[in-house]
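For the sequence shown, this note's numbering assigns the number 22 to the initial residue and increments by one for each residue that follows. The beta carbon of each residue, even a glycine, is placed where N, CA and C say it ideally should be. To start, the structure itself, in structure tokens.
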Amino acid sequence: MNDKFMPNALMFYREVTPPEEIAHLVLSFWEFAVKSESCEPIIHEIFPDGCISILYYRHQNFVVNTLFINALTLEIFKTEVYAGDVFWGMRLSPAACAHVLRLNPAEVQPESINDSEKFAHLTEGLLEKLVACRNFEEAIKIYETQIKTLELAPRDVDGKVAEAVRIIEENSGELKISEIAKILGLSARQLERRFGKSAGLTPKQFVRARRIRAAAVSLVEETEMNWANRAAAMGFADQAHLTHEFSTLTGRSPNSFAERVKKIEYGKLVK
22 MNDKFMPNAL MFYREVTPPE EIAHLVLSFW EFAVKSESCE PIIHEIFPDG
72 CISILYYRHQ NFVVNTLFIN ALTLEIFKTE VYAGDVFWGM RLSPAACAHV
122 LRLNPAEVQP ESINDSEKFA HLTEGLLEKL VACRNFEEAI KIYETQIKTL
172 ELAPRDVDGK VAEAVRIIEE NSGELKISEI AKILGLSARQ LERRFGKSAG
222 LTPKQFVRAR RIRAAAVSLV EETEMNWANR AAAMGFADQA HLTHEFSTLT
272 GRSPNSFAER VKKIEYGKLV K
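Right, dumping it as structure tokens:
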């Protein structure tokens with residue numbers, strides 16, 4: 022999609038598709054930056070996306086440089102961000118998450134991983150290389166090189182889970198889990214077990230998170246679409262069901278959610 026410029030947006034966000042050779046491991050690379058000229062903090066709300074990211078945080082004066090990992094959650098996360106903050110992230114594919122992290126993704130807690138022993142196989146030397154990057158494009162190359170050192174081939178990832186993720190993404194969470202399982206030649210219980218082992222979430226939980234993301238993308242791309250049509254496009258029975266889901270996952274009404282989305286200027290998004 023083309024860049025979308027929001028009037029008076031104080032924050033910027035964009036995503037980049039990974040190259041084919043690591044697409045089985047990485048869902049996307051992303052950048053988030055705060056453009057405000059004010060010294061006052063901005064309350065930023067991060068909505069659930071059903072994925073784990075390895076992310077690097079820096080401030081433009083380079084005083085702060087930190088590696089983080091986020092946890093899987095279906096709850097909104099609020100944080101304070103400041104002018105000059107920059108985040109460069111690598112969003113892991115749910116199908117490969119357990120293999121990349123070498124542990125159950127459901128056990129991951131949000132934390133700084135600068136000196137983490139349990140993630141040393143993934144982060145050794147990474148912080149120093151990212152600190153030296155001048156821009157997001159250079160950071161992507163560093164992430165690509167780092168994850169290739171794991172030597173995980175497509176055959177090492179559960180192909181059924183990878184296909185389930187693809188189906189969910191392509192259909193914006195519209196299909197029922199039983200329908201996805203049938204397409205894959207699995208029972209719903211088999212899919213749930215395999216998906217949970219790889220991704221740390223049940224397929225239903227992942228679908229719920231991706232629906233919220235699909236709504237955000239829709240708000241950026243289809244600004245004139247009303248909520249009734251948007252609910253239908255996202256597979257909800259009606260607008261009331263969409264409203265209930267938004268309230269449950271984001272604590273906001275659809276219109277309030279839309280206002281938060283519009284506070285950010287968007288570059289390209291991976292669909």
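Output needed for residue i: all residues of its chain with C-beta closer than 7 Å, excluding positions within five of it in sequence on either side, in chain order.
i           : result
residue 215 : 179, 181 and 182
residue 26  : Because residue 26 carries a pLDDT of 44, less than 50, the predicted location of this residue cannot be relied on, and no value is offered for it.
residue 135 : 87, 88 and 148
residue 230 : 69, 70, 71 and 95
residue 64  : 99 and 101
residue 217 : 223
residue 175 : 45
residue 209 : 198, 199 and 202
residue 177 : 120
residue 137 : 144
For residue i, report the span of its beta strand (DSSP E) as first-last.
i           : result
residue 108 : 106-113
residue 33  : 32-37
residue 280 : It is not in any beta strand (DSSP E) - residue 280 instead sits in the alpha helix (DSSP H) that spans 275-282.
residue 86  : 86-90
residue 47  : 47-55
residue 98  : 98-102
residue 67  : 63-67
Would you kindly report the start and end of the unbroken alpha helix (DSSP H) that includes residue i?
i           : result
residue 123 : Segment: none, residue 123 is in no alpha helix (DSSP H) and carries neither H nor E.
residue 195 : It is not in any alpha helix (DSSP H) - residue 195 carries neither H nor E in the DSSP assignment.
residue 181 : 180-191
residue 239 : 224-242
residue 168 : 157-169
residue 214 : 209-220
residue 74  : Taken as a continuous stretch (DSSP letters only), residue 74 belongs to no alpha helix (DSSP H), being part of the beta strand (DSSP E) at 74-80.
residue 264 : 260-271
residue 14  : Not covered by the structure: residue 14. The range shown for the chain is 22 to 292.
residue 149 : 147-152
residue 254 : 248-254
Using only the alpha-carbon positions, how far apart do residue i and residue j sit?
i           : j           : result
residue 171 : residue 142 : 8 Å
residue 253 : residue 260 : 8 Å
residue 46  : residue 169 : 9 Å
residue 56  : residue 271 : 24 Å
residue 151 : residue 262 : 43 Å
residue 52  : residue 153 : 16 Å
residue 24  : residue 84  : Reliability fails at residue 24, whose pLDDT of 49 lies under 50, so the model's placement of it is uncertain and no value is given.
residue 145 : residue 59  : 35 Å
residue 125 : residue 42  : 24 Å
residue 130 : residue 93  : 8 Å
residue 80  : residue 54  : 10 Å
residue 38  : residue 167 : 16 Å
residue 191 : residue 283 : 24 Å
residue 97  : residue 163 : 29 Å
residue 103 : residue 250 : 36 Å
residue 225 : residue 118 : 17 Å
residue 22  : residue 50  : Note that residue 22 has pLDDT 41, beneath the 50 cutoff, so the model's placement of it is unreliable and the number below is only indicative. Approximately 16 Å between the Cα atoms of the pair.
residue 246 : residue 281 : 17 Å
residue 277 : residue 207 : 39 Å
residue 155 : residue 243 : 33 Å
Is it true that the CB of residue j sits closer than 8 Å to the CB of residue i?
i           : j           : result
residue 110 : residue 82  : no
residue 62  : residue 220 : no
residue 291 : residue 36  : yes
residue 123 : residue 74  : no
residue 120 : residue 48  : no
residue 88  : residue 31  : no
residue 205 : residue 184 : yes
residue 188 : residue 228 : no
residue 165 : residue 69  : no
residue 132 : residue 99  : no
residue 202 : residue 77  : no
residue 157 : residue 90  : no
residue 288 : residue 108 : no
Take residue i and list the residues in its own chain whose beta-carbon comes closer than 8 Å to its own, dropping the five residues that flank it on each side.
i           : result
residue 274 : 264, 267 and 268
residue 279 : 240
residue 255 : 193, 194, 195, 232, 235, 236, 239 and 263
residue 127 : 93, 217, 221 and 222
Excluding five sequence neighbours on each side, which residues of the same chain lie with their C-beta closer than 6 Å to the C-beta of residue i?
i           : result
residue 186 : 115 and 116
residue 248 : 260 and 275
residue 257 : 263
Cβ of residue i versus every heavy atom of the ligand HEM: is any distance shorter than 7 Å?
i           : result
residue 131 : The model depicted lacks the ligand HEM and carries no ligand whatsoever.
The region 229-247 in contact with the region 190-205 per 3-pair CB rule at 8 Å: yes
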